[in-house]
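J.: Here it is, the structure, as structure tokens.
There are 2 protein chains.
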Amino acid sequence: MTTTAKQAGLVNWDGVSFTKVKMTDHFWRPRLEVLNKITLPSCLEKCEETGRIANFAKAGGLIEGEFEGIYFNDSDVYKVLEGVAYSLMLERDEGLEGEADRIIDLIAAAQEPDGYLCTYYTLVAPDDKWTDMEKHEMYNGGHLIEAAVAYFDATGKRKLLDVACRLADHYDQTFGPGKRHWVEGHQEVELALIKLYRATGEERYWKLACWLLEERGHGHGVGAIWDKPEWGPAYCQDDVPVREIKKVTGHAVRAMYLYSAMADAVHVSGDPAYVDALQRVWAHTVERNMYVTGGIGPSHHNEGFTHDYDLPNESAYCETCAAIAMVFWNHRMNLLFGDGKYADVVEREMYNGVLAGIALSGDRFFYVNPLASEGHHHRVPWFDTSCCPTNLARFLPSIGQYVYARTDQGLVVNQYMQGEAEIALKNGNRVTLKQQTSYPWSGTVQLEVSPERSGVFTIQMRVPGWCRGYRVQAGGEWLSGVEALVERGYLSIERHWAAGDTILLELDMPVQLNRAKQEVEADRGRVAVQRGPVVYCIEQGDHPGLKYDEITWSAFGNLRVEYREDLLGGVTTLEGKDGNGRPCRFIPYYAWDNREPGFMQVWIREKEEDQLYKF
Amino acid sequence: MTTTAKQAGLVNWDGVSFTKVKMTDHFWRPRLEVLNKITLPSCLEKCEETGRIANFAKAGGLIEGEFEGIYFNDSDVYKVLEGVAYSLMLERDEGLEGEADRIIDLIAAAQEPDGYLCTYYTLVAPDDKWTDMEKHEMYNGGHLIEAAVAYFDATGKRKLLDVACRLADHYDQTFGPGKRHWVEGHQEVELALIKLYRATGEERYWKLACWLLEERGHGHGVGAIWDKPEWGPAYCQDDVPVREIKKVTGHAVRAMYLYSAMADAVHVSGDPAYVDALQRVWAHTVERNMYVTGGIGPSHHNEGFTHDYDLPNESAYCETCAAIAMVFWNHRMNLLFGDGKYADVVEREMYNGVLAGIALSGDRFFYVNPLASEGHHHRVPWFDTSCCPTNLARFLPSIGQYVYARTDQGLVVNQYMQGEAEIALKNGNRVTLKQQTSYPWSGTVQLEVSPERSGVFTIQMRVPGWCRGYRVQAGGEWLSGVEALVERGYLSIERHWAAGDTILLELDMPVQLNRAKQEVEADRGRVAVQRGPVVYCIEQGDHPGLKYDEITWSAFGNLRVEYREDLLGGVTTLEGKDGNGRPCRFIPYYAWDNREPGFMQVWIREKEEDQLYKF
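In order, the protein sequence lines correspond to chains A and B.
Just so we're aligned: 294 in our numbering is position 294 of the first sequence, and the numbers increase by one with no gaps anywhere.
Positions in the second sequence are counted from 1; adding 1000 to them yields our numbering.
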């Protein structure tokens, strides 16, 4: 780490690949099984049905026909391939791999001799390439690169990686200092190029990514978006140079992919101007523009941000992809700065904003995630713009990467999921970790720590932001004293570890009532129920005879906490009597719209009591 | 119960005597031992040393000498005797009983031939009896009556009870319809007369109590207090007729004793005007004029109330007796109305406002209970006006009475304390209850229910107002469905009970941050930490180098919850890092000023975070 980086408060923790983490829990493990059995095959089928895969065959001249769909449809195929790759890393599947190989051959065929690859332009407007920066040419390419790196890691097969490198080289030859300008309308390629640099060691990819970041905000943007006054350059974060960013603006997914790439850039450069910009825009995003579910981007109009504290519930846009992108960004921030507040956001997204995007059945999806619905919003199997299902397809199998991180002094436990992991410390000592927990339904976590060679190192356990009270044991002893206090979201347990030593962490996981800042007009006089990381909602099916927005909740109401194995794939429900004494059931927000259609609400009207003191 | 009573929402539960409840817990049991070994003997000694006991001997002509002390000093002797009686009911002690008998002989000797008893007037101003209603003549008498009833219950000895009856008869002959008016300046005799009615069955005592209540607010008051414009009749609740009371006013202890007697009156009469007045003034007291510790009466000037939301911390008066009197009143309200919100107040007082009044050593007391101190407020062994130590002496041994109540359908568990009890249901079936819990440090309670004859009845378990989430088992099965939801503060478990059946109640007991209503100026921008029923504070001794009011607390701070057997008689401490990252320890408020002197604060300045959502 450079001196500059240290001065900027960077810790630069190492991520730990999800391939090192085997989940055996009752919450995520069943979802991954559904993903393999249902979601991935169904996404591939939809890509086939909608001509997304055929577009490659057509562009490669293997079959006749016209381009079908929208200009960014290539990206969906890449994202499903990336998901397939992650899935293969967890579990070999010859059928799935064979199908992936078949598609990769078509992709390779579609690449033009100079490396260019975007079936829309090849088939529809070959002479108009690189004329409209909003047309997602590099966005498509970015997803290709991510898929290629993943598939190479999963299988060792280079074919798609070679296609990706040729494409990246094509970009590099066409754009850059002294060459053409380019402001990619939909960011994605920047973080992909950094991945490609890491996979190949080729610094030109890294440099191109940084150049693309620096291109923004200087008036180089050209294309349909830039010409529309109601959107303008802020829509795709081309309004100010990235190092001058103060506020989150425009399209939510684009913004998050941009900040993710900036965090990647800081990881290497330690550039203090980037650090400042990231911390400013993080605060602006999380402290003024994030729903309690982790959802971001309230507006349908620009699929993004409007003005501070504008967080309407019924009309909330909260694209599933934006929640996923928040995970990408916050994970990177966590590794950069070593602060648990970023892992808190990762957790908030994982259990709420992201997970709501997919039905329990695995084959129906939300693109838009309102926090209240009168009953007409439902998941569907696919969309014309199907970025969200395909983003889930690659997000879910890789979720294990958010659990651990590696530090100079040892390791970090960021998320709690039952399973096993093997992590090599920086000194090479391999540590096997066995996590036992029924998180997110219980706050008790037992971690068995078995280093190959016993020795002194530090294990940091995250104490989530929602958790006020905790207890912790190491080696059978309750820890006390100043050394077991939480700092920047973590307990740090430095001791001599030998095989079989355990940490027992007990996080209080009470029912909590969220109240929003007064500035949030939509939530005034309302509460949102939360338990642990899980945000709750009420659904019509549990409240026969009651109307939308009729239920009230008293801050002093008592809720029976009940784990229901038979309900919604196994959920903890909260049941009590509402402000009018009527039975009332809260279910996890992520699980809504999996039964009969009906209203749903996260923010419930609060019955104002005359009590002097409120918790 | 009369039809009127039912219409007024009265349930008229039966109280269960503390003699039926044997505590075996680690919280209250040791305090009762200290009470027996230290507090009672030390109070008797102080009564001796200060001439309080000798005043009786002098008034009875047994020894020569002048009256010593203040005109209400008789009451302290009576209150200690009442405490001795309660203690004897729990455990025989020949030494203590012998000493009580000796004092009772002196008291009997001091009674004048017509039944009059008040050593101040007998010795100092025999011709001025019944001329100043503020001179506590009946207040003294009320405490005599309470002691007499208790001592008769404890020992079967009638001597003091006979003295009490003669005194009450003297009152009855002197005052009442067609006789003289009387507005007792310091209420107490009213509830005592109702006790005497219950002990003797003599309706004239009950009627006299009701007449005394009705005397108030009609301009009959005469005496020093009434003549002082800065106090006036509101000081002793003589400003309005009791059935028209809307707001709590004046001296806090007097007000609470008045409302307690009114609740006793309603218990028999069901008078809807009294019901309305009680519910109005309860809301006004609890919702606008009660500290988070349960303390009431902010002002030193009148030992009582000022204006709504006037709850200063440093200068809080919060007399220990007023907290005890809140228990008396709220216990009666709970039995009358069957609502857990009154038992919530009982609990708040028990673990905070009342308990802070006595040192862990049992021989030092607070009269005044501020919620913040710069370091100059300390418990002392005795006061010239020693109502508070002597009130604690009678309150603590009888604390078991707040645990259970009996209903038409079965029984109620109001407070959680480990121990055994035997309660006869209304149908005569005797139920043995074994409560296992480490409350207030844990919210898990196991109750073994063993009826003599198995059968169907209902057990109501209180779910405290501070508890948001709970789980409950009966007979080994988790309860679910609408029937296990909380109504008016209780879970009602109706089932067939056989010997050895158990209830397991798990109350979430997280660390909680109290915030006061905006109207409370003193607490603006501040939080008070609470866990379960226990309100916490910070003390200087745990924070070397830090100044008064320097510590801040973030709503998102994490606290390590640690039971410390070695500290302050065994307490759960909460430790974390304050808003400036400095180690910070919270201890129970009741336990403050038991170590080196220094500052103390309950309401800590809140570090304002920019977070959108707050729990």
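Glycine is no exception: its CB is placed at the ideal position from the N, C-alpha and C atoms.
Any idea what DSSP makes of Arg1582 (chain B), helix, strand or coil?
T.: As a first step, residue 1582 (chain B) is located in the second sequence; it is residue number 582 there, counting from the start. DSSP places Arg1582 (chain B) in coil when its eight states are reduced to three.
J.: Quickly, what does DSSP pair Ser1492 (chain B) with across the bridge? List them, please.
T.: For the purposes of this step, residue 1492 (chain B) is identified with residue 492 of the second sequence, where counting begins at 1. Ser1492 (chain B) is bridged to B:Gln1460.
J.: If you count every other CB in all the chains shown that lies within 10 Å of the CB of Val1149 (chain B), and 16 or more means buried, which is it?
T.: Counting from one through the second sequence, the residue named residue 1149 (chain B) turns up at place 149. Buried is the call here.
J.: Take every Cβ of the stretch 1150-1169 of chain B, pair it with every Cβ of the stretch 1210-1226 of chain B, and state whether three or more of those distances are shorter than 8 Å.
T.: No, the stretch 1150-1169 of chain B is not in contact with the stretch 1210-1226 of chain B.
J.: Using beta-carbon positions only, say whether Val1535 (chain B) and Val1602 (chain B) come within less than 8 Å of one another.
T.: Counting from one through the second sequence, the residue named residue 1535 (chain B) turns up at place 535. Counting from one through the second sequence, the residue named residue 1602 (chain B) turns up at place 602. Going by C-beta atoms, Val1535 (chain B) is nearer than 8 Å to Val1602 (chain B).
J.: Counting only beta-carbon separations shorter than 8 Å, does Lys1547 (chain B) have a partner in chain A?
T.: Taking the second sequence and counting its residues from 1, the one referred to as residue 1547 (chain B) is at position 547. It does not; no Cβ of chain A falls within 8 Å.
J.: List the residues of chain A that Arg1515 (chain B) touches, going by C-beta distances under 9 Å, in chain order.
T.: Counting from 1 along the second sequence, the entry for residue 1515 (chain B) is found at position 515. Near Arg1515 (chain B) (Cβ distances below 9 Å), the residues of chain A are Tyr613, Lys614, Phe615.
J.: Using DSSP with H/G/I as helix, E/B as strand and the rest coil, what is Pro1229 (chain B)?
T.: Locating residue 1229 (chain B) in the second sequence gives position 229, where the first residue counts as 1. Residue state, collapsed to three classes: coil.
J.: For chain B, check one thing: does any of its Cβ atoms lie closer than 8 Å to the Cβ of Phe556 (chain A)?
T.: In the first sequence, the residue the question calls residue 556 (chain A) occupies position 556. Taking Cβ atoms only, chain B reaches closer than 8 Å to Phe556 (chain A), which makes this a yes.
J.: Taking the C-alpha atoms as reference points, what is the distance between Leu567 (chain A) and Leu574 (chain A)?
T.: For the purposes of this step, residue 567 (chain A) is taken as the residue at position 567 of the first sequence. For the purposes of this step, residue 574 (chain A) is taken as the residue at position 574 of the first sequence. Taking the straight line from one Cα to the other gives about 12 Å.
J.: If I measure Cβ to Cβ from Ser1398 (chain B) and keep anything under 8 Å in the same chain, skipping five residues before and after, which residues do I get?
T.: By one-based count along the second sequence, residue 1398 (chain B) stands at place 398. Closer than 8 Å at Cβ, skipping near neighbours: Phe1018, Tyr1086.
J.: Could you work out which residue in B:Asn1558, B:Pro1533, B:Tyr1490 is closest to Asp508 (chain A) when comparing CA atoms only?
T.: On the first sequence, residue 508 (chain A) is found 508 positions in, with the first residue counted as 1. Of the listed residues, the one whose Cα sits closest to Asp508 (chain A) is B:Asn1558.
J.: Measure from the C-beta of Ser1480 (chain B) to each C-beta in chain A and report whether the shortest distance is under 8 Å.
T.: Stepping through the second sequence from its first residue, residue 1480 (chain B) is reached at position 480. For Ser1480 (chain B), the answer is yes, since a Cβ of chain A falls inside 8 Å of its Cβ.
J.: Excluding the 5 residues flanking Arg1595 (chain B) on each side, which residues of the same chain have their C-beta closer than 8 Å to its C-beta?
T.: Within the second sequence, numbered from 1, the residue matching residue 1595 (chain B) stands at position 595. Excluding sequence neighbours, Arg1595 (chain B) sits near Glu1539, Gly1541, Leu1568.
J.: So Tyr274 (chain A) is in the beta strand (DSSP E); what residue range does that whole segment cover?
T.: Position 274 of the first sequence, counting from 1, holds the residue named residue 274 (chain A). Element bounds for Tyr274 (chain A): not the beta strand (DSSP E) but the alpha helix (DSSP H), 272-288.
J.: Of the residues that make up the stretch 1232-1266 of chain B, which ones have a beta carbon closer than 8 Å to any beta carbon in chain A?
T.: Under the 8 Å Cβ criterion, the stretch 1232-1266 of chain B contributes no residue.
J.: Can you tell me which of A:His251, A:Asp276, A:Val268 puts its alpha carbon nearest to the alpha carbon of Tyr317 (chain A)?
T.: If you number the first sequence from 1, residue 317 (chain A) lands on position 317. Taking only the C-alpha atoms, the option nearest Tyr317 (chain A) is A:His251.
J.: Identify every residue that forms a DSSP beta bridge with Val1527 (chain B).
T.: Translated into positions along the second sequence, residue 1527 (chain B) becomes position 527. In the DSSP output, where bridge partners are listed per residue, Val1527 (chain B) has B:Ile1604.
J.: According to a CB-to-CB cut-off of less than 9 Å, which residues of the stretch 263-296 of chain A neighbour chain B?
T.: From the stretch 263-296 of chain A, only Ala283, Val286, Glu287, Arg288, Asn289, Met290, Tyr291, Val292 have a Cβ closer than 9 Å to chain B.
J.: If you measure between the beta carbons of Ile1503 (chain B) and Gln1473 (chain B), is that distance less than 8 Å?
T.: On the second sequence, position 503 is the one that residue 1503 (chain B) refers to. On the second sequence, position 473 is the one that residue 1473 (chain B) refers to. Yes, they are a contact pair.
J.: Report back the beta-carbon spacing between Met1350 (chain B) and Met1023 (chain B) to the nearest angstrom; my notes put them in contact at under 8 Å.
T.: Mapped onto the second sequence, residue 1350 (chain B) falls at position 350. Mapped onto the second sequence, residue 1023 (chain B) falls at position 23. With a Cβ gap of about 13 Å, Met1350 (chain B) and Met1023 (chain B) do not count as contacting.
J.: Which residues in chain A sit within 7 Å of Pro1440 (chain B), going by Cβ to Cβ distance?
T.: As a working note, residue 1440 (chain B) is residue 440 in the second sequence. In chain order: nothing, as chain A lies at least about 14 Å away.
J.: Can you tell which of B:Lys1079, B:Ala1499, B:Lys1195, B:Trp1466 has its C-alpha closest to the C-alpha of Val1268 (chain B)?
T.: For the purposes of this step, residue 1268 (chain B) is taken as the residue at position 268 of the second sequence. Measuring from the Cα of Val1268 (chain B), the nearest candidate turns out to be B:Lys1195.
J.: Less than 8 Å between the beta carbons of Leu1123 (chain B) and Leu1144 (chain B), yes or no?
T.: Against the second sequence, residue 1123 (chain B) aligns to sequence position 123. Against the second sequence, residue 1144 (chain B) aligns to sequence position 144. Result no, Cβ atoms of Leu1123 (chain B) and Leu1144 (chain B) do not sit closer than 8 Å.
J.: So which residues on chain A does Glu1494 (chain B) lean against when the C-beta distance must stay under 8 Å?
T.: Locating residue 1494 (chain B) in the second sequence gives position 494, where the first residue counts as 1. Here the premise fails: no neighbours, minimum Cβ distance about 16 Å.
J.: Thinking just about the alpha-carbon of each residue, which of A:Ala109, A:Ala528, A:Lys157, A:Ala591 is nearest to the one in Phe27 (chain A)?
T.: Walking along the first sequence from the start, residue 27 (chain A) turns up at place 27. That would be A:Ala591, whose Cα lies nearest to the Cα of Phe27 (chain A).
J.: Which parts of the stretch 1100-1153 of chain B are runs of the alpha helix (DSSP H), unbroken and 4 residues or longer, counting only runs that do not cross its ends?
T.: Within the stretch 1100-1153 of chain B, the complete alpha helix (DSSP H) runs of at least 4 residues are 1119-1124.
J.: How many angstroms separate the CA atom of Glu1068 (chain B) from the CA atom of Asp1128 (chain B)?
T.: Residue mapping note: residue 1068 (chain B) aligns to position 68 of the second sequence, counting from 1. Residue mapping note: residue 1128 (chain B) aligns to position 128 of the second sequence, counting from 1. Cα-Cα distance, rounded: 18 Å.
J.: What is the rounded straight-line gap between the Cα of Val1527 (chain B) and the Cα of Glu1550 (chain B)?
T.: Residue mapping note: residue 1527 (chain B) aligns to position 527 of the second sequence, counting from 1. Residue mapping note: residue 1550 (chain B) aligns to position 550 of the second sequence, counting from 1. Val1527 (chain B) and Glu1550 (chain B): Cα-Cα distance of roughly 14 Å.
J.: Quick one: what's Gln409 (chain A) bridged to in DSSP?
T.: Mapped onto the first sequence, residue 409 (chain A) falls at position 409. For Gln409 (chain A), which the question treats as bridged, DSSP gives no partner whatsoever.
J.: On the DSSP letters alone, give me the boundaries of the beta strand (DSSP E) that Asn73 (chain A) sits inside.
T.: As a first step, residue 73 (chain A) is located in the first sequence; it is residue number 73 there, counting from the start. No beta strand (DSSP E) contains Asn73 (chain A), which is instead part of the alpha helix (DSSP H) from 73-90.
J.: Measuring only the C-alpha atoms, how far is Met1001 (chain B) from Asn1055 (chain B)?
T.: Residue mapping note: residue 1001 (chain B) aligns to position 1 of the second sequence, counting from 1. Residue mapping note: residue 1055 (chain B) aligns to position 55 of the second sequence, counting from 1. Low confidence applies to Met1001 (chain B): its pLDDT is 46, below 50, so where it sits in the model is not reliable, and the reading given next is rough at best. Cα to Cα, Met1001 (chain B) sits roughly 45 Å from Asn1055 (chain B).
J.: Output needed in chain order: residues of the stretch 1571-1600 of chain B with a Cβ under 8 Å from some Cβ in chain A.
T.: Listed by position, the residues of the stretch 1571-1600 of chain B near chain A (Cβ gap below 8 Å) are Leu1574, Glu1575, Gly1576, Lys1577, Gly1581, Pro1583.
J.: Which partner residues of Lys1434 (chain B) appear in the DSSP bridge assignment?
T.: Taking the second sequence and counting its residues from 1, the one referred to as residue 1434 (chain B) is at position 434. In DSSP, Lys1434 (chain B) forms a bridge with B:Glu1420, B:Glu1448.
J.: Among B:His1300, B:Leu1392, B:Phe1337, B:Leu1191, which has the Cα closest to the Cα of Arg1364 (chain B)?
T.: Sequence index remark: in the second sequence, residue 1364 (chain B) carries index 364 (1-based). Nearest option by C-alpha distance: B:Leu1392.
J.: Taking C-alpha atoms, which residue in A:Pro597, A:Asp101, A:Arg180, A:Lys207 lies nearest to Leu161 (chain A)?
T.: Walking along the first sequence from the start, residue 161 (chain A) turns up at place 161. It is A:Asp101 whose Cα lies nearest to the Cα of Leu161 (chain A).
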